[in-house]
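In what follows, a single structure is set out as structure tokens and then discussed.
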Amino acid sequence: MTEGSLPAPYRSDLLLLAERDDWADARTVASAGAALLVRSSPQGDVLMSRGEPGEVLDLLDAEGRLRRRTGAERALWLSAPRDVTVPSWVLDTLGLVPFSQWDWMARERVDPAASRPAVGRTLPDGHVVRAIDTAAEADAVRDVLRRTNPRSTADPLADREDAWSGAYDGDELVGVFGARREQGRGEHGFSWHLHGLGVLETRRGAGLGGALTDHLTLAGFAAGADWVSLGLYAENDGARRLYRRAGFELHAAMSSYGPASATRPLR
Ligand SMILES: CC(C)(COP(=O)(O)OP(=O)(O)OC[C@H]1O[C@@H](n2cnc3c(N)ncnc32)[C@H](O)[C@@H]1OP(=O)(O)O)[C@@H](O)C(=O)NCCC(=O)NCCS
1 MTEGSLPAPY
11 RSDLLLLAER
21 DDWADARTVA
31 SAGAALLVRS
41 SPQGDVLMSR
51 GEPGEVLDLL
61 DAEGRLRRRT
71 GAERALWLSA
81 PRDVTVPSWV
91 LDTLGLVPFS
101 QWDWMARERV
111 DPAASRPAVG
121 RTLPDGHVVR
131 AIDTAAEADA
141 VRDVLRRTNP
151 RSTADPLADR
161 EDAWSGAYDG
171 DELVGVFGAR
181 REQGRGEHGF
191 SWHLHGLGVL
201 ETRRGAGLGG
211 ALTDHLTLAG
221 FAAGADWVSL
231 GLYAENDGAR
241 RLYRRAGFEL
251 HAAMSSYGPA
261 SATRPLR
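Take the sequence shown: its position 257, counted from the start at 1, is 257 in the UniProt record's numbering, and no numbers get skipped.
Quick look at the structure:
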């Protein structure tokens with residue numbers, strides 16, 4: 001999907017721009033202030049809506065009626081702005097129940113030379129934050145993620161993983177954060193989506209989470225990313241404070257709906 005084929009109000013929506021390749025074959029319905037994208041996957045349709053709450057509601061209402069009329073299969077996933085109360089009959093028609101509430105935050109490119117260097121932070125004695133050699137340390141990264149952030153679906157050896165940063169106490173890996181490549185501005189631009197932040201419980205409150213966030217964000221800008229984004233569950237106030245301090249701003253406050261059996265985001 002090119003930027004130009006997104007509905008007009010959404011050509012500058014960083015969340016949709018970042019994921020626009022995923023929506024390349026989507027059916028798009030739009031009104032003046034809202035858009036609904038529907039793409040099919042083998043497990044069912046995935047729906048994403050952005051825009052003014054009242055107009056999103058109208059688009060979802062029309063989609064629900066269309067699906068009832070045509071006897072469409074159950075959907076796999078729906079994400080919509082959090083300030084929209086999706087009617088229960090629409091959710092029933094889609095076969096979905098509320099799954100999670102999440103925020104999508106981003107920090108746009110800054111001149112790396114002008115931003116605060118990670119080395120300016122005082123870390124506990126013997127600790128450093130540096131790039132992880134994921135080929136050599138994938139199992140250690142997975143172990144930290146399993147112990148600190150088991151809801152995360154991030155994996156250092158997945159497709160499109162551009163970089164991982166680690167916090168080390170000597171040789172011991174005590175915190176991790178990874179970056180997946182997504183779309184950016186124009187035809188060749190790219191962005192980084194950070195995921196899988198976790199610091200061992202006994203090491204928290206010493207600045208390691210903040211230092212990991214700074215390190216990976218600056219690595220993204222140094223690599224040429226147009227922006228760096230990340231997502232968090234809405235109830236994670238500690239992570240939100242950390243990301244705000246690191247210069248990230250809220251771009252989308254969303255809710256997701258999935259099958260009653262879902263234990264992880266499906267998209
Ligand atoms: C979120 C998480 C990564 C934060 O890691 P952390 O290493 O504790 O992060 P920091 O130390 O940089 O910041 C945490 C707090 O310690 C404070 N702090 C940082 N350095 C400090 C220091 N030297 N002395 C005292 N306090 C300090 C920070 O100001 C911050 O305070 P706040 O919670 O009041 O805002 C960690 O809690 C974690 O792994 N949580 C579980 C997984 C998770 O939620 N991941 C994020 C998913 S989106």
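For every residue, glycine included, the Cβ atom is placed at its ideal position computed from N, Cα and C.
Partner residues in the beta bridge of residue 81, as assigned by DSSP, are 254. Scanning its chain for C-beta atoms nearer than 6 Å, with the 5 sequence neighbours on each side dropped, one finds around residue 184 the residues 190, 191 and 226, in chain order. Taking C-beta atoms as the reference points, residue 145 and residue 175 fail to come closer than 8 Å. One thing to note: residue 86 has its Cβ within 8 Å of the Cβ of residue 60. Within the chosen limit of 7 Å, ligand 1 does not reach the beta carbon of residue 166 with any heavy atom. The Cβ atoms of residue 208 and residue 167 lie closer than 8 Å to each other. Rounded to whole angstroms, the gap between the alpha carbons of residue 81 and residue 219 is 30 Å. Just so you know, the alpha carbons of residue 249 and residue 14 end up roughly 12 Å apart.
Any heavy atom of ligand 1 within less than 6 Å of a residue's beta carbon puts that residue on the list, which reads 148, 149, 197, 198, 199, 204, 205, 206, 207, 208, 209, 210, 232, 236, 238, 239, 241 and 242. In the three-state reduction of the DSSP assignment, residue 169 falls in the strand class. In terms of Cα proximity to residue 156, the closest of 172, 102, 133 and 98 is 133. Residue 99 sits in a strand when the DSSP states are folded into three classes. For residue 50, the uninterrupted beta strand (DSSP E) segment begins and ends at 44-51. If you draw a 10 Å sphere on the C-beta of residue 244, you find fewer than 16 other C-beta atoms in it, and that means exposed. Buried is the label assigned to residue 127, since at least 16 other Cβ atoms lie within 10 Å of its Cβ. Here DSSP, grouped into helix, strand and coil, assigns residue 162 to strand. For residue 192, the uninterrupted beta strand (DSSP E) run begins and ends at 190-199, by DSSP. Separation of the CB atoms of residue 74 and residue 94 is rounded to 6 Å, and the pair is thereby assigned contact status at 8 Å. Residues of the same chain with a CB within less than 8 Å of the CB of residue 56, apart from the 5 flanking positions on each side, are 34, 36, 49, 50, 80, 81 and 84 in chain order. C-alpha of residue 45 to C-alpha of residue 171: approximately 45 Å in a straight line.
Apart from sequence neighbours up to five positions away, the residues of its chain that approach residue 58 with a beta-carbon distance below 7 Å are 31, ordered along the chain. A direct Cα-Cα distance of roughly 10 Å separates residue 262 from residue 98. Residue 264: not part of any beta strand (DSSP E); DSSP gives it neither H nor E.
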